[in-house]
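K.L.:
FYI, the numbering for the sequence shown is -12 to 156, going by the numbering used here.
For every residue, glycine included, the Cβ atom is placed at its ideal position computed from N, Cα and C.
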Amino acid sequence: MAKLTTTLLITASLIAVAGCAKKPPAQLPPPPSATGPDASQAGGYGNVVPGSRADFERSVTSNTIHFDLDKYDINGEARATLDSQAAWLIKYPNVPISLEGHCDERGTREYNLALGDRRANSAKNYLASRGVNPSRISTISYGKERPIALGSDEASWAQNRRAVTIVLN
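So this is what it looks like as structure tokens:
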């Protein structure tokens, strides 16, 4: 009797599991691509929405400018980068941005927060001089609190002395 019960339980279990098997779809959808029908709906941008953060980062020279030691003036290379950002920002006048000021690890926390603020505002003033409405630009200083290079050498310090433009939508 026990053998019959065991056989019936195993058979019932196999039937239940077989009935739960998921059937594959008749046709799989195509993978996302930049040339498919979604691309024409997004204006040829693929999955990147015009006016978005991804569009900004793809369209501009860079979202980051760098500074010399203890400086916050905009040099020629930074001007070229900010000019490309200004052109994109003028094209999308309702997109708000934030400018982050950063410093290297040298100096006190207070000094670096003040220097980061001057760097962010320097970039903001330059963008405003190129026709970007300053009311859509917020600034923040992180001082030395958010380094991108963790070394204690000139190459790392140079990468950390920066202002970064972030699209907020």
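(1) Leaving out five residues on either side along the sequence, give the residues of the same chain with a beta carbon under 8 Å from the beta carbon of H53.
(2) How would you label G138, buried or exposed, when you count the other beta carbons within 10 angstroms and need 16 or more for buried?
(3) Please confirm whether G88 and R106 have their CB atoms less than 8 Å apart.
(4) According to DSSP, simplified to helix, strand and coil, what is A136?
(5) How many angstroms separate the CA atom of A136 from the CA atom of A142?
(6) Taking Cβ positions, are K111 and I124 nearer each other than 8 Å?
(7) Suppose you measure from the CA of A41 to the CA of R93; what does that come to, to the nearest Å?
(8) Looking at C-alpha atoms only, which residue of S71, T48 and S39 is the closest neighbour of Y113?
(9) Are I153 and S109 close, meaning C-beta to C-beta below 8 Å?
P.N.:
The short version:
(1) E64, A65, A145, Q146, R148 and R149
(2) exposed
(3) yes
(4) coil
(5) 8 Å
(6) yes
(7) 33 Å
(8) S71
(9) no
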